[in-house]
Amino acid sequence: MSAAALRLTDSVTQLPRVGPAVAKKLAKLEIETVGDLLFHIPRRYEDWSTLTPIGQLQAGTIATVTGKVELITNKRSPRKRVMVTEAVLSDPTGSIKVIWFQQAFLTKILKPGNTYLFSGEVTQNQFGLFLNNLAHEYMGSGGLKAVYPQTAGVTSKLLRQLVDHALHSVQVQDNFPPDLQAKYHLVPLDQAVRWLHQPEHLQQVEQAKRRLQFGELVRYQLRALRLRHERRGVLAPPIPFSESLAKQFVSHLPFQLTAGQRKAAWRILQEMERSEAMRRLLQGDVGSGKTVVAALAMAHAVQHGFQTVLLAPTEILAQQHSKTIRSLLEPLGCAVTLATSGWDQDTSGLVFVGTHALLQQKVEFQNLGLLVIDEEHRFGVDQRQALLWRSGLQGQQPHVLSMTATPIPRTLALTIYGGVDVTYLQEKPVGRLPVRTVVREPFQRGQTLQEIERAVAQGNGVFVVCPLISPSDLLGVSSAQAESKRLKVELPGKRIGVLHGRLSTLEKQQLMVDFHGGSLDILVSTTVIEVGVDVPRATLMIIEGAERFGLAQLHQLRGRVGRSSVASTCILHPTPGTQSLERLRLLETIQNGYQLAEHDLRLRGMGELFGTKQSGTEEWLQFGLPDLALVEEAQAAAQELWERQQKK
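When the count follows the working numbering, it moves up by one through the sequence shown with no breaks and lands on 861 for the last residue.
This is how it looks when you write it as C-alpha cells:
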C-alpha cells in the first residue's frame, strides 16, 4: 500500500515488517488496526539526548549511556526457566554489567567492539550496580523516545518504527468543530497524535494529552446525555415504599443504620416508586454498608411480588452476598437462591444472588423488578443489557441499582457514570476502627511473624495476599504457593490454607468456610479476596509484593480486615530491592479510599483503578483523568455538540 493511503481501520499487517507472527504478538496489546497502533499510548518518555558517564551512574535512576560492548553471552537462569542475556559495557569512566530477559537474539545484533546508546534502569545488588530493562539505539539517534506498554517480541523500538511509518501514511481526521477547538484552546487531532509519539519536548506531550483527554471526555459526556435522553422513555414497574416493611427490616438488624445508609435507602426507595426505570449507582468506601441498603430495596421488590437479582463478579463474593442477604431477608420470609456454576437455571423463586451464571442466554425471568449489580464495571455492557430484556416484563425494564466499593474520585464518577445518578455512602458502621497500616522492609519479617503468632493465639484469622499463584523466575515476586510453604516452615503447627482462582468452586467455598469458622488460622490468597469478602474474625493482613498493587487496590485489600470492633492491622511487605516506598507509606496515614484513589490517578493512571477494558462497547478512559476544570469544559462542549445535533 502506497504512502498516505492507509486508513485508521486498516489492519496493521498493511505496515512494513508486520507479518502474521508479529500481528499475533501485537494483538496481545490489543493492536489490530493502524488506529489501534496510533492510539497505543506511551507509558513514559526517555531523554536519550542527556548522557550519563558509566562511572557516575546511581542506583534507582533511569539513565542513558554511550557504551562499547566488551562481551555479550546467553545463559539459563538458575531454575532454567528463562534465557538471560548478559553483557559488559564500557566507556572511559568505567564499565557496568547489563541484563536482558528472554532476548537471546541480541547476541546477533549487538557486536562486541561496537558502541551503542543504551537506556535503562540502574539497579544494585550484592555484586554492585547493573543495568536492566534496557533499550538500545545506534549512535546518532538520540532525543526524546516514547516507551510503550510492551509484550514478548514487541519492543518499544519496534513500536516506534511502526508508528513512524503510520504517521507518514495515514491522515487522521478531526471531527471536532474548529470553532470549539479554538474556544477550548485545543491543538488539531493529527498534530496531537504526532506530538504524542514524536515530541520535541515534554510540553508538546502535555498539549497532546490534553487534546486527547478532552476528546475522550466529550465522547463519554455525549454518551451520558444520550443515555439520559433514552431513559426518559424507559418504563419500569412502580414498587411502592412500605413503612411497615422498612421498620420490620430494621428491627431485625443487629446494628443501627448510619445516617448515610438511611438517606441512601430513602432516595433509592423513592425512585423505585416511579414508573420510570431507576438507574442509580450506590458508591461507598470499603465497609460502608452498601449491601444492607441494597437488601432493603430487594425486600420491597419481593413484598410486591417482583423477582430481584444481586449480580456479583466472583463466586466468592456471590457466596458472601448470599449469606448476608439470607440473614437480612429470611427473617422476612424471603427465600434466597444462590446461582453460581452448576446452577440448574430454575428461575421460579423471587430472590437470586449469583455470578455470570445468571447471564446465560437460556436464563429467563418472569417479572424481574429490581436488578442489583455489585462492581458493575467488571461486567460487559452487552451482558448487563441482555439481562434487562430477559426480565419477563412486558414493555418494561427492571429498576437497576449498581454498587461499587472501588474508590472513585468525584471527577471520575462525573465521567464514567455520567448516565446514572450517584449516591455516596461516606460513613462506616458504628464500632468500626481504622485499620493500622505499616510498611515493613524485608529485614523486619521477624516482627511480622510475631504479630501472626499473637493474632492466632488470640483466636483471630490472618490473611496473607500475594500477587501471583505460583513462583516466577522472571518477576521475582512472592506467590501464594511459595509463601504458604515458607509459612509452614516458619510457623509450624499453624493451620494454613491457599486460595486462588484456579481452584474449583467447591474448593474455594470450603476454604472460606474453614477460615470463617476458625478451622484455618492463616489463609494465603491471591487478590480473589479483594472485594466483598467479610470475615469478622480476620484481624491481620499481610500483603506481599505490595509495590505491585495500586493504592486503591491495596485499600480494597486491607478492607478485608477491620470488620469488627477488634483492632486490626495491615502490613505491607514490598519485594526485596524495591527502591521507593513513599507511595506505599501513604497508606500508613490515609484511611480514606477516595484520597488514595486521587493519588493513584496522579501516580499510576486510570488503569490502576479498573484494571482492564470492559468487554462490549464500553472502555475506560485511556489517558487518565485530568483536573475537574477540564472535565467541566468537556461537559460544556458536549452540551453544545448535543444541542447542535438535536437541531439537525
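Backbone N, C-alpha and C fix where the C-beta goes; we use that ideal spot for every residue, glycine too.
Please classify residue i as buried or exposed, where buried requires at least 16 other C-beta atoms within 10 Å of its C-beta.
| i | result |
| --- | --- |
| P680 | buried |
| T825 | Low per-residue confidence applies at T825: pLDDT is 35, beneath 50, and the placement is therefore not dependable enough to give any value. |
| P233 | exposed |
| Q827 | A caution first: Q827 carries a pLDDT of 34, below 50, which makes its placement in the model unreliable, though a value can still be read off. Looking at its Cβ environment, which holds 16 or more other Cβ atoms inside 10 Å, Q827 is buried. |
| Q671 | exposed |
| L323 | buried |
| P412 | buried |
| S213 | Since the first residue shown for the chain is 214 and the last is 861, residue 213 is missing from the structure and cannot be characterised. |
| R857 | exposed |
| H410 | buried |
| S778 | exposed |
| G763 | buried |
| F318 | exposed |
| G829 | Reliability of the predicted coordinates at G829 is poor, the pLDDT of 30 falling under 50, and no value is obtained from them. |
| K721 | buried |
| T568 | buried |
| S382 | buried |
| L524 | buried |
| H332 | In the sequence as presented, His is not what sits at residue 332; that position holds Ser. It counts as buried. |
In terms of residue numbering, what span does the beta strand (DSSP E) encompassing residue i cover?
| i | result |
| --- | --- |
| W313 | G307 to F314 |
| G567 | V564 to G567 |
| D498 | Counting along the chain, D498 falls outside any beta strand (DSSP E), and DSSP gives it neither H nor E. |
| S457 | That residue, S457, is in no beta strand (DSSP E); its alpha helix (DSSP H) goes E456 to S464. |
| G248 | Here G248 belongs to no beta strand (DSSP E); instead the alpha helix (DSSP H) covers V247 to L251. |
| L239 | No beta strand (DSSP E) holds L239; the alpha helix (DSSP H) holding it covers P233 to A240. |
Looking only at DSSP bridge pairs, what is residue i linked to?
| i | result |
| --- | --- |
| T279 | L330 |
| Q766 | The partner list for Q766 (beta bridge, DSSP) is empty, contrary to what the question assumes. |
| H786 | E757 |
| M296 | R289 |
| K358 | E259 |
| L219 | V383 |
| N338 | G341 |
| S369 | Bridge partners of S369: none, in fact. |
| F676 | L736 and M754 |
| A850 | Answer is none; A850 lacks a bridge partner. |
| Y637 | Q496 |
| D304 | G307 |
| M511 | In DSSP, M511 forms no bridge with anything. |
| L862 | What the structure shows of the chain is the stretch from 214 to 861, and residue 862 is not part of that stretch, so it cannot be assessed. |
Closest to residue i by C-alpha separation, out of the options, would be which residue?
| i | options | result |
| --- | --- | --- |
| L545 | V748, L614 and L563 | L563 |
| L380 | V737, R445, G248 and E589 | G248 |
| A850 | A810, P390 and G758 | P390 |
| L495 | S692, T617 and R220 | T617 |
| H253 | Q386, G772, V406 and V702 | V406 |
| T791 | T263, S308 and T274 | T274 |
| T286 | F314, P305 and G268 | F314 |
| L785 | V566, V335 and R649 | R649 |
| A276 | R603, E334, L571 and D392 | E334 |
| R256 | L551, A240, P266 and Y361 | Y361 |
| A780 | A751, L542 and F762 | A751 |
| R432 | L458, N388, Q404 and F343 | N388 |
| Q639 | F331, L250 and G806 | G806 |
| S615 | G714, S717, G674 and F592 | F592 |
| P266 | T306, D260, E259 and V282 | T306 |
| Q579 | A525, I538 and T521 | T521 |
| T560 | L600, L219, V737 and A300 | L600 |
| L344 | K237, S303 and L221 | S303 |
| L854 | W261, T246, L430 and V367 | L430 |
| G758 | A693, E703 and A348 | A693 |
| L466 | R539, V418 and E484 | R539 |
| T364 | L584, P401 and E243 | E243 |
| G446 | T328, Q609, G659 and P526 | Q609 |
| L399 | Q420, R796, G473 and E811 | Q420 |
Check for me: the alpha helix (DSSP H) holding residue i runs from which residue to which?
| i | result |
| --- | --- |
| R796 | E795 to T802 |
| L491 | The sequence shown places Met at residue 491, not Leu. Looking at the DSSP string, M491 is not in any alpha helix (DSSP H), and its letter there is neither H nor E. |
| R658 | R658 to A670 |
| A405 | L402 to H410 |
| I709 | Not the alpha helix (DSSP H): I709 falls in the beta strand (DSSP E), residues I709 to L712. |
| Y433 | L415 to R444 |
Would you grab the beta carbon distance between residue i and residue j for me? Rounded to a whole angstrom, and I think it's under 8 Å.
| i | j | result |
| --- | --- | --- |
| L228 | H378 | 6 Å |
| L700 | Q426 | Between Q426 and L700 the Cβ distance is about 45 Å, and since that is not below 8 Å, they are no contact. |
| L201 | E696 | Since the first residue shown for the chain is 214 and the last is 861, residue 201 is missing from the structure and cannot be characterised. |
| V748 | H729 | 5 Å |
| V367 | L239 | 6 Å |
| G326 | V499 | Not quite, the Cβ-Cβ distance comes to about 58 Å (not below 8 Å), so this is no contact. |
| Y397 | E846 | 6 Å |
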